[in-house]
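To start, the structure under review is shown below, and the notes come after it.
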Amino acid sequence: MFAWFFRLGSPKHVYRIAGRFLPWTGGLFLLLLISGLYYSFSAPPDYQQGESYRIIFVHVPAAWMSMFIYMVMALAGGVGLVWKMKMADMVASAAAPIGAAFTLLALVTGSFWGKPMWGTWWVWDARLTSELILLFLYLGFIALQAAIEDTRTAARAGAILALVGVINIPIIHYSVEWWYTLHQPATITKMDTPSIHISMLIPLLLMAGAFKVFFAHVLLIRTRTEILRREQKTGWVQELFKK
Amino acid sequence: MSVSEFFHMGGYALYVWSSYGLTTVVMIALYLFAKRDQQQIKQQIARRVARSGSET
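For the record, the sequence lines run as chains A and B.
Last residue of the first sequence: 309 in our numbering, with the numbers rising by one and none dropped.
Last residue of the second sequence: 59 in our numbering, with the numbers rising by one and none dropped.
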């Protein structure tokens, strides 16, 4: 157990393992994406929203990712903070830009859905506002890390910001119940059975899987880059580049 | 569903295809930026290693 934990903290080890995972995450992503897209467009139209509801297959997975990546980032930041694990700090900084991109996607695709269905691109609804705050949390994390020269101080400051911001995650999730406004309530993640037909649930889950594997893939690449950047003076990295 | 019906999206073509298009662009950009960053640091390290190798 401790040997495993120790190896997880070793950048050299993680660099090698991450490299070995890449072909698998890449292949699995393409498989999930192609099948997800196929079912996204072969599912029947919605009885109320017609064809416009197909935006759900990119909007909801993007929104889920925006929250999932935030939790990964905050958790990694927390581990780095408590156990002074450099490897965890690297994962946190590698995750942040991906999370920011998915948050932006959730907001903009939501806007493209809101315009034809609600008649407006944007409202200061609780769900939309809390998701916008999430984007600012990501941008704040990225800006804070970029502004601090010392790597360890930057990691610590970023982790504290990320951990404080975790409070926003349940707010996003429950916003549609606490403030019942314009955004429709959850159809999948609720206690009783999901109120979505199986023909629409399958593409949604496939696309969500595709997005998650895509995140894993890009996170592995970015973490490896971060390892090289921070460890470039060490012997093992120098050894990698000797011919 | 015919091809023209497919692209028409029941009148919601603009919204549906903008959403899928933007998602595609953002995901490709995330991937390419990640690859480019890695390429840059690799070249940087390779140059430094080559230089220190020729000095000794």
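Backbone N, C-alpha and C fix where the C-beta goes; we use that ideal spot for every residue, glycine too.
Below-8 Å beta-carbon distance, residue i vs any chain B residue
| i | result |
| --- | --- |
| PRO111 of chain A | yes |
| THR253 of chain A | no |
| ARG86 of chain A | no |
| GLY116 of chain A | yes |
| THR219 of chain A | no |
| VAL174 of chain A | yes |
| THR291 of chain A | yes |
Closer than 8 Å to chain A by CB, residue i
| i | result |
| --- | --- |
| LEU33 of chain B | yes |
| VAL52 of chain B | yes |
| VAL29 of chain B | yes |
Contacts that residue i makes with chain A (C-beta to C-beta distance below 7 Å)
| i | result |
| --- | --- |
| SER21 of chain B | PHE178 |
Under 7 Å from the C-beta of residue i: neighbouring residues of chain B
| i | result |
| --- | --- |
| PRO182 of chain A | TYR15 and TYR18 |
| ILE287 of chain A | ALA37, LYS38 and GLN41 |
Bounding residues of the alpha helix (DSSP H) (the contiguous stretch that carries residue i)
| i | result |
| --- | --- |
| VAL189 of chain A | Unbroken run through VAL189 of chain A: none, as it is neither H nor E. |
| GLN304 of chain A | 301 to 306 |
| TYR136 of chain A | 122 to 149 |
| ASP155 of chain A | 152 to 184 |
| PRO269 of chain A | 264 to 297 |
| SER76 of chain A | Here SER76 of chain A belongs to no alpha helix (DSSP H), and DSSP marks it neither H nor E. |
| ILE238 of chain A | 234 to 244 |
| SER7 of chain B | 6 to 11 |
| ALA228 of chain A | 217 to 231 |
Beta-bridge pairing of residue i - partner residues as DSSP gives them
| i | result |
| --- | --- |
| GLY116 of chain A | A:ASP112 |
Neighbouring residues, chain B, relative to residue i (Cβ below 8 Å)
| i | result |
| --- | --- |
| GLY165 of chain A | Neighbours of GLY165 of chain A on chain B: none; closest Cβ ~11 Å, over 8 Å. |
| LEU171 of chain A | LEU25, THR26 and VAL29 |
| ARG193 of chain A | The premise fails here: ARG193 of chain A is roughly 17 Å from chain B at the closest Cβ pair, so nothing lies under 8 Å. |
| ILE83 of chain A | The contacting residues do not exist; ILE83 of chain A stays about 16 Å from chain B at best. |
According to a CB-to-CB cut-off of less than 8 Å, which residues of the region 118 to 145 of chain A neighbour chain B? For the region 118 to 145 of chain A, the set of positions with a beta-carbon nearer than 8 Å to some beta-carbon of chain B reads SER118, ARG120, ILE121, VAL124, HIS125 and ALA128 in chain order.
Selection of the region 90 to 114 of chain A by Cβ proximity to chain B, strictly under 8 Å: Those residues of the region 90 to 114 of chain A that come within reach of chain B (Cβ to Cβ, closer than 8 Å) are PHE107 and PRO111.
Return the residues of the region 294 to 307 of chain A that lie within a Cβ-Cβ distance of less than 7 Å from chain B, sorted by chain order. Answer in chain order: LEU294, ARG295, GLN298, VAL303, GLN304 and PHE307.
May I ask you to list, following chain order, the residues of the region 263 to 285 of chain A that have a beta carbon less than 7 Å from some beta carbon of chain B? Those would be PHE280 and VAL284, in chain order.
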